[in-house]
Amino acid sequence: MFIDGQWVSANNGAFFDVFNPSNGEKIGEVADGDRNDSQRAIEAAQRAFGPWSGLTAYQRSEYLYRAYQLMMEHREHLARVMTEEQGKPMKASRGEVQYGADFLLWYAEEAKRVYGEIIPAPRSDQRFMVLHQPVGVVAAITPWNYPTSMVTRKVAPALAAGCTIVLKPAEATPLCAIEVFKILEQAGIPAGVVNLVTALNPVPIGETFVTNPLVRKITFTGSTEVGKILAKGAADQVKRVSLELGGHAPFIVFEDSDPIYAAKGAVLVKFLNTGQACISPNRIFVHSSIVDPFVEEFKTRVSRMRAGSGFEDGVSIGPLVDSAALQKVERQVSNALDNGAILVCGGRRLLDDNLEKGYFYAPTVLIDVTPEMLIYREETFGPVAPIITFDTEEEVLTMANDTHYGLAAYVYTHNLSRAMRMFEGLRFGIIGINDINPTAAAAPFGGMKESGMGREGGRDGIAEYLETKLGGFSV
Ligand code: NAD
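With the sequence shown counted from 1, adding 91 to any position gets you our numbering.
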């Protein structure tokens with residue numbers, strides 16, 4: 092763990108093992124922290140808050156820029172650690188390291204643009220001035236599916252704003268977080284400003300984060316279920332909360348689009364990170380008049396995908412994170428088949444070619460999926476593409492919005508008016524119109540409804556770490 096500028100063991104001396112999900116081999120041991128360690132880290136962050144927030148934005152920016160440069164220098168090493176620990180193919184790991192570094196660069200710049208405001212006052216002898224100040228100590232919890240970029244997506248805006256931070260990474264991927272913190276250390280960031288607490292059991296750490304009054308902000312990326320626990324806990328002390336939670340993205344293909352082009356996009360985004368992405372399409376709606384060519388192209392592309400170790404050339408499907416993830420996918424597929432869905436391809440765990448030691452599931456396509464099926468309602472987080480047909484724009488908009496999630500949605504159409512109607516009508520925080528990658532460090536990322544609150548990235552991302560203060564002056 093990294094606390095108060097030092098690499099330290101857990102207070103109780105415990106460690107936990109980290110495994111490669113492709114083959115089940117142990118790849119490391121990490122300090123197993125508890126309440127005491129997280130309290131120590133929070134206290135260190137509190138001590139560092141005054142001096143760090145007292146630096147000029149230009150000085151904080153320098154540190155972030157140095158971290159960005161170091162991350163780019165160590166890009167290949169960071170990608171290798173990620174492929175070994177998380178399982179994604181090297182190409183995807185390299186892309187994620189770049190995405191992670193982008194947040195450091197973007198917030199190195201944005202640190203200098205935390206402007207205030209002068210507001211015309213109602214009285215002639217009065218002046219109004221608005222200042223933005225850092226919220227204080229931030230506690231952050233990150234997931235395993237994007238184990239590097241989710242760390243920088245929180246650390247960079249927090250530091251830019253003048254906050255200090257304690258971060259707990261997912262227990263499946265602490266090594267990626269450790270590598271990012273080595274870079275923050277090398278960048279010379281002062282002791283206590285960034286702290287890392289690793290733990291096998293997240294519960295006591297989460298409880299410390301919500302109960303310690305020194306923590307003024309909780310930022311969390313993970314499941315909706317855990318997000319609700321943290322939000323309820325944070326309510327007791329009215330701490331600021333940002334939540335990036337689950338998704339259930341609709342992918343809508345209208346009859347005026349090219350079904351071949353749309354199928355190519357749908358396959359690329361559906362199987363990204365083996366479907367383990369919060370913005371992964373979970374319901375693919377295709378107009379009935381073009382469903383046949385769409386499914387044909389989709390199936391052809393899926394059958395060319397190869398599963399295996401992310402270090403092998405040509406592999407695009409990595410393992411699922413654990414056996415629970417595998418069971419969830421198996422349960423959703425068998426429930427869909429029992430209720431009348433048709434299996435186009437896949438539909439089984441992969442056990443051949445030495446894959447039996449990992450949690451590999453064949454990329455799967457289902458058609459004739461209906462609202463009664465589990466997969467129509469639940470987030471899948473795996474390589475299963477459920478295809479549903481529709482006939483009218485009104486009908487598909489209603490179906491797409493019929494979910495308590497609201498993170499990402501995708502629309503394929505060549506009709507500009509329809510594109511605008513869908514952009515306005517879909518109740519989701521991120522809409523890709525003929526675009527499967529509507530994300531970047533400069534753009535606000537986040538969800539509506541039970542997909543979360545607050546935004547990460549862009550101008551909105553730094554606002555999450557700032558208080559607004561009004562000054563009224565009588566002159
Ligand atoms: P998870 O909620 O189980 O775990 C996420 C993090 O929360 C981990 O660090 C874990 O240790 C911690 N955690 C678990 N229980 C906790 C508790 N009781 N108290 C405090 N911390 C606790 O989620 P997961 O399975 O690791 O991640 C997958 C989920 O994350 C999916 O639902 C996915 O959609 C979501 N996700 C969302 C985004 C986004 O930006 N919206 C990005 C990535 C993942």
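From the three backbone atoms N, C-alpha and C, an ideal C-beta is built for every residue, glycine too. Predicted model, so just to flag it, every value in this text is computed and none were measured.
Would Pro180 pass as a contact of Val406 if the rule is Cβ separation under 9 Å? Yes, the pair counts as a contact, with Cβ atoms nearer than the cut-off.
With a threshold of 8 Å, establish whether the CB of Tyr556 neighbours any heavy atom of the ligand NAD. In this structure, Tyr556 has its CB at a distance of at least 8 Å from all heavy atoms of the ligand NAD.
Quick check on the burial criterion: 16 or more other C-beta atoms within 10 angstroms. Buried or exposed for Met464? The residue in question, Met464, is buried, as its Cβ has 16 or more Cβ neighbours within 10 Å.
Report yes if the C-beta of Ser542 is less than 8 Å from at least one heavy atom of the ligand NAD; otherwise report no. Yes, the ligand NAD has a heavy atom inside 8 Å of this Cβ.
Classify Ile296: buried if its beta carbon has 16 or more other beta carbons within 10 angstroms, exposed otherwise. With 16 or more Cβ atoms within 10 Å of its Cβ, Ile296 is classed as buried.
Taking the C-alpha atoms as reference points, what is the distance between Pro225 and Ala290? Rounded to whole angstroms, Pro225 to Ala290 spans 28 Å at the Cα level.
What are the start and end residues of the beta strand (DSSP E) that includes Thr559? Segment Leu557 to Ser565, the beta strand (DSSP E) holding Thr559.
Find the nearest neighbour of Leu561 within the set Val246, Gly207 and Gly119, judged by alpha-carbon distance. Minimum Cα distance to Leu561 is reached at Gly207.
Just list the residues that DSSP pairs Arg374 with in beta bridges. Arg374 pairs with Pro341.
Just to confirm, is the Cβ distance from Glu541 to Tyr496 under 9 Å? Yes, the pair counts as a contact, with Cβ atoms nearer than the cut-off.
How is the beta strand (DSSP E) around Ser333 delimited, first residue to last? Judged by DSSP secondary structure, Ser333 falls within the beta strand (DSSP E) whose first and last residues are Arg331 to Glu335.
Is the Cβ-Cβ distance between Ala398 and Pro372 less than 9 Å? The Cβ-Cβ distance between Ala398 and Pro372 does not fall below 9 Å.
Asn506 - partner residues in DSSP beta bridges: Asn506 is not bridged by DSSP to any residue.
On the criterion of 16 or more Cβ atoms from any shown chain inside 10 Å, does Thr147 qualify as buried, or is it exposed? Looking at its Cβ environment, which holds fewer than 16 other Cβ atoms inside 10 Å, Thr147 is exposed.
Roughly how far, in whole angstroms, is the beta-carbon of Ile343 from the beta-carbon of Ala491, given that I think they are within contact range, below 8 Å? Right, the Cβ-Cβ distance comes to about 6 Å (below 8 Å), so this counts as a contact.
N-terminal and C-terminal residue of the beta strand (DSSP E) that Arg307 is part of: Unbroken beta strand (DSSP E) run through Arg307: Val306 to Thr312.
Can you give me the start and stop residues for the alpha helix (DSSP H) that Ala202 sits inside? In this chain, Ala202 is not harboured by any alpha helix (DSSP H), its DSSP state being neither H nor E.
Between which two residues does the alpha helix (DSSP H) harbouring Pro350 extend? Going by DSSP, Pro350 is part of the alpha helix (DSSP H) stretching over Pro350 to Lys361.
Beta bridge counterpart(s) of Gly119 as assigned by DSSP: DSSP output for Gly119 lists Val109 as bridge partner(s).
Is Ile527 helix, strand or coil by DSSP? Note: Ile527 maps to coil in three-state DSSP.
Contacting residues, own chain, Cβ-Cβ under 7 Å from Met539 (five flanking each side not counted): Excluding residues within five positions, the ones whose Cβ falls inside 7 Å are Gly497, Arg518, Phe519 and Gly520.
Out of Pro281, Ala368, Arg218 and Ala135, which has the shortest C-alpha to C-alpha gap to Gly473? Answer by Cα proximity: Ala368.
Based on Cα-Cα distance, which residue from Ile458, Glu200, Leu441 and Arg440 lies nearest to Leu434? Restricting attention to Ile458, Glu200, Leu441 and Arg440, the CA atom closest to the CA of Leu434 is found in Ile458.
Under 8 Å: does the beta carbon of Glu316 sit that close to some heavy atom of the ligand NAD? At least one heavy atom of the ligand NAD is nearer than 8 Å to the Cβ of Glu316, so yes.
Would you say the beta carbon of Phe194 comes nearer than 8 Å to a heavy atom of the ligand NAD? No - the ligand NAD has no heavy atom lying nearer than 8 Å to the Cβ of Phe194.
Simplified DSSP state of Phe402, which is helix, strand or coil: Per DSSP, reduced to three states, the secondary structure at Phe402 is coil, with no helix or strand assignment.
Please list the terminal residues of the continuous alpha helix (DSSP H) segment that includes Arg171. Counting along the chain, the alpha helix (DSSP H) containing Arg171 begins and ends at Arg166 to Gln177.
DSSP state of Cys436, grouped into three classes? In this structure, Cys436 counts as strand in the three-state DSSP scheme.
Who are Phe194's beta bridge partners in DSSP? As far as DSSP is concerned, Phe194 takes part in no beta bridge.
Which residues in the same chain as Asn426 place their Cβ atom closer than 8 Å to its Cβ, once the five residues preceding and following it in sequence are excluded? Only Met464, Leu465 and Ile466 meet the Cβ criterion.
Look at the Cβ atom of Phe385, then the Cβ atom of Val393, and state whether they are nearer than 9 Å. No, they are not a contact pair.
Taking 8 Å as the cut-off, is the beta-carbon of Tyr450 closer than that to any non-hydrogen atom of the ligand NAD? No.
I need the straight-line Cα distance from Gly141 to Gly563, nearest angstrom please. It is roughly 25 Å from the alpha-carbon of Gly141 to the alpha-carbon of Gly563.
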